[in-house]
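Per UniProt numbering, the very first residue in the sequence shown carries number 1; after that it's consecutive. No residue lacks a Cβ here, since even glycine has one placed at the ideal position from N, Cα and C. Accompanying notes for the structure given below.
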Amino acid sequence: MAMMGRDDYAKTYSSMKSRKSKNKGLIYIEDITDKPFWERIATEHTVSLYSEQGEKIITGKSKLLKVCSANQLIAIDSDFDYLCPQHREAGSICVDKKDFILQTYAHGIENILLSPNFLHEVLDNHFSLYLNNHNNPILNIFGKLSEIWYPVYPKILYLVNLEGEGSFDKHHTKWIKGITINENQEINCECDDCIVEAYRDKINILDKELSQLIENQEQYSAFCQDLQSKGFSKENIYAFIRCHDFENQFVIKIMKKIIKIRQNKEKKYVEEQFSNTEVSNRKKQIANYFEEKNYINTILHHYFFNTYFETAKQNDFFIKKIIDKYQYIIQTS
């Protein structure tokens, strides 16, 4: 999970620790930054980093999988091990020890935090000063891009699963290059189709290249059916992209472009509505406001845990699935 300031995380998860009695024992996590999320899920357990007999703390998914058992539950990012269980040893361990594991089912926690519905709500409630009628295109952007991504991304997952861990960088890196928002890429976020067109050609080229690598169409079709049985769909394809790439190369860059458009619109508004003597100060006010709001990652994380999580519990496919698994663990332990 992406790092935030220590003080920010301390304030976030200390403010929302469950008041329930944590009488079910411990659940071990990969990294301390994952704690706010898993504390919200595992409300009857104590969420903690793992250490052997009080020695040095052990972090990382591969190490936790080795110690995972009925007496040592763990909570982890699924990474590609859920959709592509054959691509590395961790995938088969996740299958063998699934009764003792809470996992995200999405690639990582970031994918769940940064869902289109969540981003839409954040944009509805943040990043505006004088105006309250800013365009909020994020749902349309995700919807239209998913139409382009969906026929192609299963081919990436299939090849990763088929060829093993060594093929991951080769295939998925090409995918990330295909969907990355370049800093100098001119995108009008007021026009959803502009974003779609910026991707279409790159993704089509990648699609042709990947199709040539798939030799067994029957095997590929069976793999796609397995993806669907695990919840993979056009609507949630974003959730299975490598989480840090999804956050840093796509979401944050899109958000920055939308916010910049809003800032410019606010400045234009004060030019039209205020006298010449006031315009300069009003523009500085807008610049200062959006500068303060420019810590996008912090705002997104705080809003999710402090405001949005209860909504997500009711509506988010992945959180509902995780909670169902947690309830199963409680009932069978």
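Contact check for I57 against Y50 passes: the beta carbons are separated by less than 8 angstroms.
CA-to-CA, the gap between H171 and K253 works out to about 22 angstroms.
For A75, same chain residues with a beta-carbon under 6 angstroms away, outside a window of 5 residues either side, are I27, I29, W38 and L102 in chain order. Exclusion of the five residues before and after F274 leaves R282 as the residues of its chain whose Cβ lies within less than 6 angstroms of its Cβ. Annotation: Q86 to E197 spans about 35 angstroms, alpha carbon to alpha carbon. A distance of 8 angstroms or more separates the beta carbons of I93 and T104. Cβ atoms of V152 and D207 come within 8 angstroms of each other, at about 5 angstroms. Here V47 carries a strand assignment [DSSP, helix/strand/coil]. The secondary-structure analysis by DSSP pairs Y28 across a beta bridge with S48 and I74. Using a 10 angstroms sphere on the CB of E89, the tally of other CB atoms stays under 16, which defines it as exposed.
For Y238, the number of other beta carbons within 10 angstroms of its own is at least 16, and it is reported as buried. Distances from the CA of S146 to each of N71, I203 and D34 were compared; the closest alpha carbon is that of I203. Rounded to the nearest angstrom, the gap between the Cα atoms of T33 and E110 is 11 angstroms. Contact holds between the stretch 261-268 and the stretch 282-291, because three or more Cβ pairs, one in each stretch, are under 8 angstroms apart.
Under the three-state reduction of DSSP output, Q103 falls in the strand class. Contact annotation: I179 and Y199 have beta-carbon atoms nearer than 8 angstroms. Counting along the chain, H172 sits inside the alpha helix (DSSP H) bounded by residues F168 to I179. The C-beta distance from L157 to L83 rounds to 5 angstroms, short enough to meet the 8 angstroms contact threshold. In the structure shown, the three-state DSSP call for I323 is helix. For P137, there is no enclosing alpha helix (DSSP H), since its DSSP letter is neither H nor E.
If you check the CB distance, L114 and L300 come in under 8 angstroms.
Straight-line measurement puts the Cα of Y303 at about 19 angstroms from the Cα of H244. Non-local C-beta neighbours of S69 in its own chain, meaning closer than 8 angstroms and more than five positions away in sequence, comprise K97 and F100, ordered along the chain. Taking 8 angstroms as the cut-off, the beta carbon of I286 is found no closer than this to the beta carbon of L123. Closest option to L227, judged by alpha-carbon separation, among L64, D81, N71 and G60: D81. Judged by DSSP secondary structure, Q219 falls within the alpha helix (DSSP H) whose first and last residues are Q217 to S229.
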